[in-house]
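Line by line, the protein sequences give chains A and B. The opening position of the first sequence corresponds to residue 1 in the numbering used here, with each subsequent residue numbered one higher. The opening position of the second sequence corresponds to residue 407 in the numbering used here, with each subsequent residue numbered one higher.
2 protein chains.
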Amino acid sequence: MAARFQLIPGGTVTTPAGFSAGAVHAGIKTRGDRVLDLGILYSEVSCTAAGLLTTNKVKAAPVLVCQERLAGQKKARALVVNSGCANACTGDQGLADAQEMTSLVARKLGIPAAEVLVASTGVIGVPLPMARVRTGIERVVISRDGGHQLARAILTTDSNPKQIAVSTRVNNTKITVGGIAKGAGMIYPNMATLLCFLSTDARLDPRLAEWALRGAVDASFNMISVDNDTSTNDTVILMASGLAGNQPIKDGTADAEAFKAALQEVCVYLAKRVVRGGEGATRLVEVRVEGAASEQDARLAARAVASSSLVKSAVHGADPNWGRILAAVGRSGAEVDQSKVDLYLDEVSLLKAGSPVQFDVEKARHILKREEVPIRVCLNLGGDAAVAWGCDLSADYVTINSAYAT
Amino acid sequence: MAARFQLIPGGTVTTPAGFSAGAVHAGIKTRGDRVLDLGILYSEVSCTAAGLLTTNKVKAAPVLVCQERLAGQKKARALVVNSGCANACTGDQGLADAQEMTSLVARKLGIPAAEVLVASTGVIGVPLPMARVRTGIERVVISRDGGHQLARAILTTDSNPKQIAVSTRVNNTKITVGGIAKGAGMIYPNMATLLCFLSTDARLDPRLAEWALRGAVDASFNMISVDNDTSTNDTVILMASGLAGNQPIKDGTADAEAFKAALQEVCVYLAKRVVRGGEGATRLVEVRVEGAASEQDARLAARAVASSSLVKSAVHGADPNWGRILAAVGRSGAEVDQSKVDLYLDEVSLLKAGSPVQFDVEKARHILKREEVPIRVCLNLGGDAAVAWGCDLSADYVTINSAYAT
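In structure tokens, the structure reads:
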């Protein structure tokens with residue numbers, strides 16, 4: 001598919017028409033010099049909303065609140081989010097606190113509480129400091145370019161805010177898609193909380209919103225993670241204001257494809273930024289699996305390589321130990337015939353039809369030291385392909401994760 | 407089950423009647439001061455043999471050879487093993503080399519090549535230096551206490567040899583079970599090669615040998631690993647000489663249980679030693695899951711916790727960040743009702759019926775600094791339980807794995 005969208009310089013989640021945001025230091029994070037830790041995303045009008053929430057059976061209180069609200073009316077006008085405390089494993093009090101957060105925002109903005117969504121990220125098992133949350137919500141000032149603040153307010157151990165906006169055209173109307181995300185905490189990326197808030201001014205019906213969101217997340221955040229390996233708080237929300245004024249987009253049309261491509265571009269960009277912001281990460285590993293017997297196989301194999309700790313360690317050490325790549329493919333669950341597999345590090349051929357190729361070790365080392373390391377696996381069994389992303393694994397990861405809560 | 411077996415001090419794989427072994431420095435490992443890297447296990451008589459081989463779809467040449475031989479006659483008299491080279495992803499030459507290793511041993515010992523098994527561990531994708539292997543096999547001298555040498559010859563990055571023997575009684579006859587193992591390379595233990603060679607002088611029929619081996623491995627090595635997450639070379643072999651002179655053990659009897667208990671004791675001991683010998687590991691984490699809705703659920707949950715990098719990092723830092731334990735349980739696939747879960751660190755209660763308990767943080771830290779850290783999760787949904795083991799995750803792991811092949 002040709003890129004039919006344009007990157008908007010400095011774009012963020014409040015770039016699409018109708019959205020504004022703001023954030024404050026509420027004091028939920030007690031370390032750091034007044035870092036932002038609470039924010040609100042607001043839409044002038046009621047939005048069509050879709051969400052993908054954690055599949056973990058232990059679900060944080062805000063996830064339970066979103067689950068209920070998104071199952072009902074599929075409408076939202078605002079969302080409130082805090083970092084520094086996950087409000088997970090906090091019992092009935094946690095649920096009451098998450099609901100109170102939405103009520104406070106509803107009262108502040110003069111909208112129904114049922115149209116306010118909520119998300120949290122941070123340490124598990126600690127109650128929210130509600131006095132600080134109440135004062136914090138009171139003090140948030142929302143503005144059209146507040147998305148930049150909100151992108152910083154959701155960070156935990158991430159090094160940098162992650163934000164983007166792109167525009168495209170559907171039935172001769174310019175529409176815009178924006179988003180922000182946070183991740184980190186990764187050997188397996190989604191063992192830490194993934195939060196992603198997406199906005200668009202396109203007019204969408206709820207089914208198209210859900211379908212497009214699922215497709216975009218499958219090709220992005222789900223390719224930096226392992227099935228079911230999700231945190232208690234993972235939350236991806238899409239809000240569509242409809243203020244671009246386009247004719248409603250119908251499923252199965254070129255317009256729907258254009259919208260989906262724009263949404264996917266935003267999600268892939270944010271997912272790669274999440275990987276790059278991984279704890280201790282210095283490099284991005286892009287794993288492309290081709291010639292798989294099915295799309296599912298391609299996805300399984302690509303993710304197995306991108307999430308292999310041994311592959312990640314080898315990349316960190318610029319060690320062309322390609323046997324680890326092949327071993328990961330073999331245990332991925334994908335159909336593999338080892339006598340057919342080809343393996344490439346960028347243009348360097350490492351393995352051809354299952355047999356080792358003499359290769360230039362110094363050249364391979366140079367490729368492994370790039371900021372983006374491209375690994376390609378050709379299974380030569382069929383026509384399906386998939387791309388997954390991972391980071392290298394450095395000793396810093398361990399240092400960071402040895403002392404997080406305390 | 408009461409322990410019905412006795413530990414034999416200094417016991418190893420050659421302790422049971424009829425077994426001998428030997429090892430040499432063949433020069434397959436080019437670093438290290440003449441470390442042992444090739445060895446032979448030999449039985450005076452033809453043994454009933456059973457094996458569990460890697461489920462990885464990329465299988466090393468020696469695994470393919472064992473697979474074929476064990477599918478046939480279920481008999482073995484010897485096995486030859488080398489470290490320093492995995493003979494995996496080595497094409498037709500690799501297969502020829504593995505077969506030649508068994509032929510050389512057969513000729514040396516005057517036994518049929520079809521009764522010789524073979525295993526390799528080390529770097530993938532490099533052909534065996536067969537000139538050295540040939541001279542090495544020639545030079546091996548086998549002896550009754552050669553099991554100690556063999557235990558060292560199979561090591562790669564393991565810090566210590568792992569060996570044990572126990573005895574028990576079946577129909578008034580003393581029988582002995584011995585074993586050696588190597589592991590390491592672990593965030594997920596079995597991403598590195600697991601080799602385990604078990605011997606017994608008990609008389610077993612082939613079906614009981616397979617059944618007992620499967621049960622013992624499920625309760626031991628499979629509880630330090632994640633399903634399907636196996637290396638290209640994983641090999642567990644049991645050889646039963648029958649020289650104890652017992653009446654044949656029948657399945658479903660108390661004698662069969664006694665044999666299985668002894669075999670399991672050997673495997674659990676070796677599995678825990680494999681975890682303790684993990685790269686950079688300083689502590690053993692024992693995760694017991696109780697009250698699960700099924701045995702499968704208990705196993706899934708226990709393994710998810712024991713293999714969680716975030717839990718392992720927290721243990722390394724003695725950080726009582728118990729939310730990571732609960733998050734791992736929740737994503738394990740096991741049935742979980744978060745409002746029913748209890749969590750304990752040894753005797754310290756951390757979570758009761760899904761709500762946090764005020765606990766003594768200093769006491770929890772002390773427990774996390776022990777050599778064995780006991781974590782207990784009560785799901786309170788049923789009557790099934792399982793135990794899994796993991797090690798902590800230290801920065802040394804990354805240092806070791808950043809430069810292994812080169």
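The C-beta atom is built at its ideal place from N, Cα and C for all residues, glycine as well. Quantities reported herein were computed from a predicted structural model and do not represent experimental measurements.
Within chain B, partners of residue i - CB distance below 7 Å
i      : result
A/A327 : N462, V464, I530, S637, T638
Proximal residues to residue i (C-beta, below 7 Å), its chain only, five neighbours per side dropped
i      : result
A/N321 : A314
B/L813 : Chain B is shown from 407 up to 812; residue 813 of chain B falls before or after that span and cannot be answered.
A/L343 : W322, I325, L326, L350, L351, V377
B/R475 : A520, L523
A/E335 : A293, D297, L381
Other residues of its chain near residue i: CB distance less than 6 Å, five sequence neighbours each side excluded
i      : result
A/Q338 : G354
A/N380 : G291, K340
A/L243 : A17, G18, D201
A/M101 : V80, V118
B/L669 : V583, A618, A622
A/V287 : A302, V305, A306, I375, A388
B/M536 : D503
A/D251 : L208
A/A403 : A caution first: A/A403 carries a pLDDT of 46, below 50, which makes its placement in the model too unreliable to give a value.
A/I224 : P189, A271, V275, W389
A/A405 : For A/A405, the predicted structure reports a pLDDT of 40, less than 50, and the residue's modelled location is therefore unreliable. The matter cannot be settled from this model.
A/L368 : V315, A318
Per-residue contacts from residue i into chain A (C-beta, under 7 Å)
i      : result
B/A494 : G323
B/S817 : Only positions 407 to 812 of chain B appear in the structure, and residue 817 of chain B is not among them; the question remains open.
Nearest residue (CA-CA) to residue i, options the options
i      : options                        : result
A/D158 : A/D33, A/T193, A/Y269          : A/T193
A/L7   : A/S220, A/Q163, A/V287         : A/Q163
B/A587 : B/L757, B/G729, B/V680, B/T659 : B/V680
B/E663 : B/V674, B/A622, B/N628, B/P780 : B/A622
A/T156 : A/Q93, A/G242, A/M101, A/G183  : A/G183
B/V695 : B/G736, B/H722, B/R689, B/Y675 : B/G736
A/V80  : A/W211, A/D384, A/G22, A/R376  : A/G22
A/G147 : A/L198, A/E372, A/N171         : A/L198
B/T418 : B/D551, B/I543, B/D439         : B/D551
B/A821 : B/G542, B/D498, B/V451, B/D703 : A query on residue 821 of chain B cannot be resolved here, the shown segment of chain B reaching from 407 to 812 and no further.
B/G445 : B/I655, B/K514, B/A571         : B/K514
B/M645 : B/G416, B/Y448, B/D443, B/K435 : B/Y448
Interface residues of chain A facing residue i [CB-CB closer than 8 Å]
i      : result
B/V829 : Here chain B has residues from 407 to 812 only, and residue 829 of chain B is not among them.
Neighbour flag for residue i against chain B, beta carbons, 9 Å
i      : result
A/V341 : yes
A/G27  : no
A/L351 : yes
A/M191 : In this prediction, A/M191 scores a pLDDT of 44, lower than 50, which makes its location untrustworthy; the coordinate-derived value is nonetheless stated afterwards. Yes, because at least one Cβ of chain B sits closer than 9 Å to the Cβ of A/M191.
Same chain, Cβ closer than 8 Å to residue i, neighbours up to 5 away in sequence not counted
i      : result
A/H232 : Checking the sequence shown, residue 232 of chain A turns out to be Thr, not His. Within the same chain, A/T232 has close Cβ partners T54, N56, V58, K59, A60, V63, A86, A88, C89, I124, T193.
B/I593 : Note on B/I593: pLDDT 38, under 50, position unreliable in the model; the coordinate value appears next. These residues qualify, in order along the chain: S713, S715, K718, L799, Y803.
A/A364 : P320, L345, V348, L350
B/S526 : A466, A467, P468, V487, N488, S489, C491, A492, N493, A494, A504, L534, N639
A/C66  : G51, L53, L117, V118, A119, T235, I237
B/L610 : T454, A618, A646, G648, P654, I655, F665
Cutoff 9 Å: residue i Cβ touching any chain A Cβ
i      : result
B/S715 : yes
B/Y594 : In this predicted model, B/Y594 has a pLDDT of only 40, less than 50, meaning its place in the structure is not dependable enough to derive any value.
Distance cut-off 8 Å: residue i Cβ against heavy atoms of the ligand MG
i     : result
A/G72 : The model on display carries no ligand, and the ligand MG is accordingly not part of it.
Could you give the uninterrupted runs of the beta strand (DSSP E) lying entirely in the region 160-246 of chain A, keeping only those of 3 residues or more? Listed in chain order, the complete beta strand (DSSP E) runs (minimum 3 residues) inside the region 160-246 of chain A are 162-170, 173-182, 195-200, 235-240.
Using a Cβ-Cβ cut-off of less than 8 Å, list which residues of the region 445-462 of chain B approach chain C; keep chain order. Considering every chain present, this structure includes no chain C. Its protein chains are A and B.
Could I get the ranges of all uninterrupted alpha helix (DSSP H) runs contained in the region 435-496 of chain B, with 4 residues as the minimum, in chain order? The DSSP assignment places complete alpha helix (DSSP H) segments of no fewer than 4 residues inside the region 435-496 of chain B at 467-478, in order along the chain.
In chain order, which beta strand (DSSP E) runs of at least 3 residues are fully inside the region 648-701 of chain B? Secondary structure within the region 648-701 of chain B: the beta strand (DSSP E) runs of 3 or more consecutive residues, fully enclosed, are 690-698 (chain order).
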